[in-house]
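In this note's numbering, the protein residues as written are 650 to 1269. In what follows, a single structure is set out as structure tokens and then discussed.
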Amino acid sequence: MKRFDLRTQQSVAWIFLGIVMLVYSLAMSYEAIMRYATFKATAFDLGNMDQVMWNTIHGRLFQFTNQAIDWYGPPTRLAIHFEPIILPLSLLYLFFADPRTLLIFQTLALASGALPVFLLTRKTIPGWPLLAPVMVLAYLLSPALLGLNIFDFHPVSLATPLLLYALLALAYKRYIWFLIACILAASCKEDIPLVIAVLGILLIWKYKLPRLGTALIVGGILWSFVAFRLVIPHFYPGVQANNYWYRYESLGSSPGAALLNVFIRPWLFLGLFFTLERVYYLVGLLRSVGFLPLLAPEWLLPTLPSLAVNLLGNDPLLYSGVYHYNAAIIPFVMLSAIHGTSRFLSMWQGWRHEDSKETGNAQESDVRAGLSHHMDIAPSPESVGAGVGLGGEGTLASPALGIARTSPSPSHAHPGIAAQDNVGYGLGLPWLFATTLLALPVRIGTFLKARLLNSTLPARKLLGTRFISSEQQLSKRMQPLARSVSPFRLQWIVVAWIIVMCGLNFWIAKPELDVFWPDHQAGSREQHILQLLSRIPPDASVSASQDLNPHLSERQLLAVFPSVCIDPTCNQTVQYVVVDLNSLTLSNLAIATNELNGLLKQFRIVARAEGVVLLIRRSA
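Below, the structure is given as structure tokens:
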């Protein structure tokens, strides 16, 4: 084992990180570009965002006309979302104005999120170097991230790495960089500031930073208030002051009515929104990291705003788990998984009668000598802002369990136990899963017990005694297993568990992800279509079908077929109409054919290629 000591593991971890990030960046960039080249990218939202970026860099800030027949708002992105990040992003078009620029940048940004995941894992659990690259693998291969990456381009996708870097800066007490990352993340979409506001609660509670936490809470709420109540309603002409409220009409006719119903009819929410599909969605979010966030659920607190948006909507895409609606959830699932693993290790060491600090000090020598007994765990809360590590409420190995922290390792006290390591290790993943499930109610019980400190004394004594008793029973049951599996071997079990669950989650979500992947290489068909599209002048107004739209979106006036109007009153129509009939389903094909036949009085067909029909306005 000497040849695979702690330093070797650290080197392997860094090498694996670099390889995984490089492979992911190359593979996903290729897939995204090929998806665009084979006309699988769509108007919503790659065509939208390309037109917004192109107009913004040409001085028409946030302007876009790429709207469908069912909605005619003002030609500005601000009527739909408040995304100030568009302004700096548009500078990318100074170098290369093309939708593929956005696709590659999005991939690189999401891939960069692997670095804070790696560093946060290393900082929290330094004694398990190989866990860090496995957490990176779980992050990069999670269906939520893959769907976020491959499905066109959305500014909110940048919130994922930005929030991860904010958490990393917070762990290292780089508060200026933390605030910069939070501001940039908030500028990605109007609901992200609410996530940051809830993060402020964690800053007060876990990191013991009341001033910074209060600033985040106030700033986040104010930012979202300005976005939801001032900016978007100012530009959106609808009565509901939001283009997406149709997804939440079952809650009430307006946001105000919905909030009222929450208080006067709370039982309605259980009947409407407690469905198997939504439970399946939540399970999928946790499965990629082996359900380890269940051991540290408080770190999931900032996901509540995004989960509310997804779970309370009637659009199944919101809780499908593979679209861009999970951008603000992914970072905190990873953070919670890291802390959940740290707690699991802390409990395991408690069951082994090991002292965390002692094992940490002796770690280097023990690992080099064979990694037989000791393993370091996360730094104390004081080292990362009071509450980041395992101290305080985060540790179950306490006197309440009847465990003496200063007692020697059972392996030293009973030499025969060391020979059982291989037997315990063979128990593997089932035992890990079992102990995880067993530990969850204990963690909940400990949390509730702590809350009882403010309750009446008789109740505190009664319930507190029961909690202590349950902890002692669990500890007694787990001690034989914990003594047979050293922390070093436990690392391999946890690593294997996460890899298996990550692979399982990917396999389960594969049918939904397959919708996004390109299914063939770009060939002669794509070349013929591009030749046809080149006949459209760059300054002409166009109505294009969903798949062709992103290839024509760098122009001032653009619509999505079957809309041919460029103003709400339809006094003026576009100059060109281009539709890919081969990309439509049979029902949509019949509708599109009828629409095209109805346009023949105003337009005439000028070209056909590979099922694509190009029409020009007769007066053009």
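Idealized CB from N, CA, C, for every residue including glycine.
| request: Might you give, ordered along the chain, the residues of its own chain that have their beta carbon closer than 7 Å to the beta carbon of Pro1079, omitting 5 neighbours on each side? | output: Counting from one through the sequence shown, the residue named residue 1079 turns up at place 430. Its pLDDT being 46, under 50, Pro1079 is placed unreliably in this model, and the value from its coordinates should be taken loosely. Residues of the same chain with their beta carbon placed closer than 7 Å to that of Pro1079 are lacking, with the five preceding and five following residues left out of the count.
| If we ignore side chains and look at the alpha-carbon of each, how far apart do Ala1258 and Leu1181 end up? | For this step, residue 1258 is matched to residue 609 along the sequence shown. For this step, residue 1181 is matched to residue 532 along the sequence shown. So the two alpha carbons sit approximately 7 Å from each other.
| query | So is Val1226 buried or exposed if we call it buried at 16+ other beta carbons inside 10 Å? | reply | Within the sequence shown, residue 1226 is the residue found at index 577, counting from 1. Buried, because 16 or more other Cβ atoms sit within 10 Å of the Cβ of Val1226.
| query | Is DSSP giving Leu1101 helix, strand or coil here? | reply | Start at 1 with the first residue of the sequence shown, and residue 1101 comes out as number 452. Because the pLDDT at Leu1101 is just 46, under 50, the model does not fix this residue reliably, and the value given afterwards should be weighed accordingly. In the structure shown, Leu1101 sits in a helix (DSSP, three-state: H, G or I).
| query | DSSP three-state call for Val1226: helix, strand or coil? | reply | By one-based count along the sequence shown, residue 1226 stands at place 577. DSSP places Val1226 in the strand class (E or B) of the three-state scheme.
| query | How would you label Arg1132, buried or exposed, when you count the other beta carbons within 10 angstroms and need 16 or more for buried? | reply | To locate residue 1132, count along the sequence shown from 1; it is residue 483. By the neighbour-count rule (16 or more Cβ atoms within 10 Å), Arg1132 is buried.
| Candidates Gly796, Thr725 and Cys831: which alpha carbon is nearest Val880's? | The count along the sequence shown starts at 1 and reaches residue 880 at position 231. Check the Cα spacing between Val880 and each of Gly796, Thr725 and Cys831: the tightest is with Thr725.
| Test item: CB-CB of Pro792 and Phe1155 under 8 Å | Counting from 1 along the sequence shown, the entry for residue 792 is found at position 143. Counting from 1 along the sequence shown, the entry for residue 1155 is found at position 506. For Pro792 and Phe1155, yes; Cβs fall inside 8 Å.
| the segment 659 to 675 / the segment 723 to 738 touching (three or more Cβ pairs under 8 Å) | With fewer than three CB-CB distances shorter than 8 Å, the segment 659 to 675 does not count as touching the segment 723 to 738.
| query | Ordered along the chain, which non-local residues of its own chain (more than five positions away) have a Cβ less than 7 Å from that of Ala818? | reply | Start at 1 with the first residue of the sequence shown, and residue 818 comes out as number 169. Answer for Ala818: Trp826, Phe827 and Ala830, listed in chain order.
| To which residues of the same chain is Ala781 closer than 6 Å at the C-beta, ignoring the five residues directly before and after it? | For this step, residue 781 is matched to residue 132 along the sequence shown. Ala662, Phe767, Thr770 and Arg771.
| DSSP state of Leu984, grouped into three classes? | Your numbering for residue 984 matches position 335 in the sequence shown. Three-state DSSP puts Leu984 in a helix.
| request: Report the three-state DSSP secondary structure of Gln659 (helix, strand or coil). | output: In the sequence shown, the residue the question calls residue 659 occupies position 10. Of the three classes helix, strand and coil, the one that applies to Gln659 here is helix, per DSSP.
| If you draw a straight line from the alpha carbon of Leu949 to that of Gln712, how long is it in whole angstroms? | Taking the sequence shown and counting its residues from 1, the one referred to as residue 949 is at position 300. Taking the sequence shown and counting its residues from 1, the one referred to as residue 712 is at position 63. Between Leu949 and Gln712, the C-alpha separation is close to 36 Å.
| query | Should Ser1135 go down as buried or exposed, given a rule of 16 or more other Cβ atoms within 10 Å for buried? | reply | Your numbering for residue 1135 matches position 486 in the sequence shown. Taking all protein chains shown into account, Ser1135 has 16 or more neighbouring C-beta atoms within 10 Å of its C-beta and is therefore buried.
| message | Just to confirm my understanding: we take Ala976, look at its own chain, exclude 5 residues before and 5 after, and list those with CB closer than 7 Å. What are they? | response | One-based indexing of the sequence shown puts residue 976 at position 327. Excluding positions up to five away in sequence, the list reads Leu797, Val805, Ser806, Ala808 and Thr809.
| query | DSSP puts Thr725 in a beta bridge; with which residues? | reply | Counted from its first residue, the sequence shown places residue 725 at position 76. Answer is Gln712.
| said: Rounding to the nearest angstrom, what Cα-Cα distance links Gln658 and Gly970 in this structure? | reply: For the purposes of this step, residue 658 is taken as the residue at position 9 of the sequence shown. For the purposes of this step, residue 970 is taken as the residue at position 321 of the sequence shown. Straight-line Cα distance between these residues: approximately 34 Å.
| task | Look at Val1228 and Val1262 and say whether their C-beta atoms are less than 8 Å apart. | result | Reading the sequence shown from its first residue, position 579 is the one you call residue 1228. Reading the sequence shown from its first residue, position 613 is the one you call residue 1262. With respect to Val1262, Val1228 sits close: the two C-beta atoms are nearer than 8 Å.
| Hey, Met677 and Leu751: beta-carbon distance below 8 Å or not? | Walking along the sequence shown from the start, residue 677 turns up at place 28. Walking along the sequence shown from the start, residue 751 turns up at place 102. Not closer than 8 Å, so no.
| What are the start and end residues of the beta strand (DSSP E) that includes Ala1258? | Counting from one through the sequence shown, the residue named residue 1258 turns up at place 609. That run of the beta strand (DSSP E) goes Phe1252 to Ala1258.
| message | Taking the alpha carbon of Leu921 as the reference point, which residue from Asp964, Leu1245 and Ser899 has its own alpha carbon closest? | response | Here residue 921 corresponds to residue number 272 of the sequence shown, with the count starting at 1. Residue Ser899 is the option with its Cα nearest to Leu921.
| query | In this structure, does DSSP put Val1261 in helix, strand or coil? | reply | Indexing the sequence shown from 1 puts residue 1261 at position 612. Strand at Val1261.
| task | Would you tell me roughly how many angstroms separate the C-alpha atoms of Val1016 and Arg656, rounded to the nearest one? | result | Working through the sequence shown from its first residue, we reach residue 1016 at position 367. Working through the sequence shown from its first residue, we reach residue 656 at position 7. Summary for Val1016: the model assigns pLDDT 39, below 50, so the residue's position carries little reliability; its value from the coordinates is reported in the next sentence. Each residue's alpha carbon lies about 9 Å from the other.
| Val1072 to Leu994 span [Cα, whole Å] | Position 423 of the sequence shown, counted from the first residue, corresponds to residue 1072. Position 345 of the sequence shown, counted from the first residue, corresponds to residue 994. Unreliable placement is indicated for Val1072, whose pLDDT of 35 sits below 50; the coordinate value is still reported in the next sentence. So the alpha carbons of these two residues sit roughly 19 Å apart.
| What whole-angstrom Cβ distance do Leu848 and Pro951 have, given they're in contact under 8 Å? | Here residue 848 refers to the residue found at position 199 of the sequence shown. Here residue 951 refers to the residue found at position 302 of the sequence shown. Between Pro951 and Leu848 the Cβ distance is about 5 Å, and since that is below 8 Å, they are a contact.
| task | Might you give, ordered along the chain, the residues of its own chain that have their beta carbon closer than 6 Å to the beta carbon of Gly1051, omitting 5 neighbours on each side? | result | Indexing the sequence shown from 1 puts residue 1051 at position 402. With a pLDDT of only 34 at Gly1051, under 50, the local geometry of the prediction cannot be trusted, and no value is derived from it.
| task | Provide the residue(s) that pair with Arg860 in DSSP beta bridges, ordered along the chain. | result | Your numbering for residue 860 matches position 211 in the sequence shown. BP columns for Arg860 are empty, so no partner.
| message | Quick check: the Cα distance between His1200 and Lys822, rounded to an integer number of angstroms? | response | For the purposes of this step, residue 1200 is taken as the residue at position 551 of the sequence shown. For the purposes of this step, residue 822 is taken as the residue at position 173 of the sequence shown. Between the C-alpha atoms of His1200 and Lys822 there is a straight-line separation of about 45 Å.
| request: For Ser791, name the three-state secondary structure that DSSP assigns. | output: Your numbering for residue 791 matches position 142 in the sequence shown. Coil, per DSSP.
| Identify the residues that DSSP records as bridge partners of Ala820: which are they? | If you number the sequence shown from 1, residue 820 lands on position 171. Note: Ala820 is not bridge-paired with any residue in the DSSP secondary-structure output.
| Helix, strand or coil at Arg1204 according to DSSP, with G and I counted as helix | The residue you call residue 1204 lines up with position 555 of the sequence shown. Look at Arg1204 here: in three-state DSSP terms it is coil, with no helix or strand label.
| Which first and last residues belong to the beta strand (DSSP E) in which Ser1192 is found? | On the sequence shown, residue 1192 is found 543 positions in, with the first residue counted as 1. For Ser1192, the enclosing beta strand (DSSP E) stretches over residues Val1191 to Ala1193.
| query | Taking the continuous alpha helix (DSSP H) assigned at Pro1160, which residues delimit it? | reply | Mapped onto the sequence shown, residue 1160 falls at position 511. Pro1160 -> alpha helix (DSSP H) spans Pro1136 to Leu1162.
| Using the beta-carbon count (16 or more within 10 Å), is Gln1224 buried or exposed? | On the sequence shown, residue 1224 is found 575 positions in, with the first residue counted as 1. Buried, by the Cβ-count rule.
| DSSP on Cys1214, reduced to helix/strand/coil? | Here residue 1214 refers to the residue found at position 565 of the sequence shown. In the structure shown, Cys1214 sits in a strand (DSSP, three-state: E or B).
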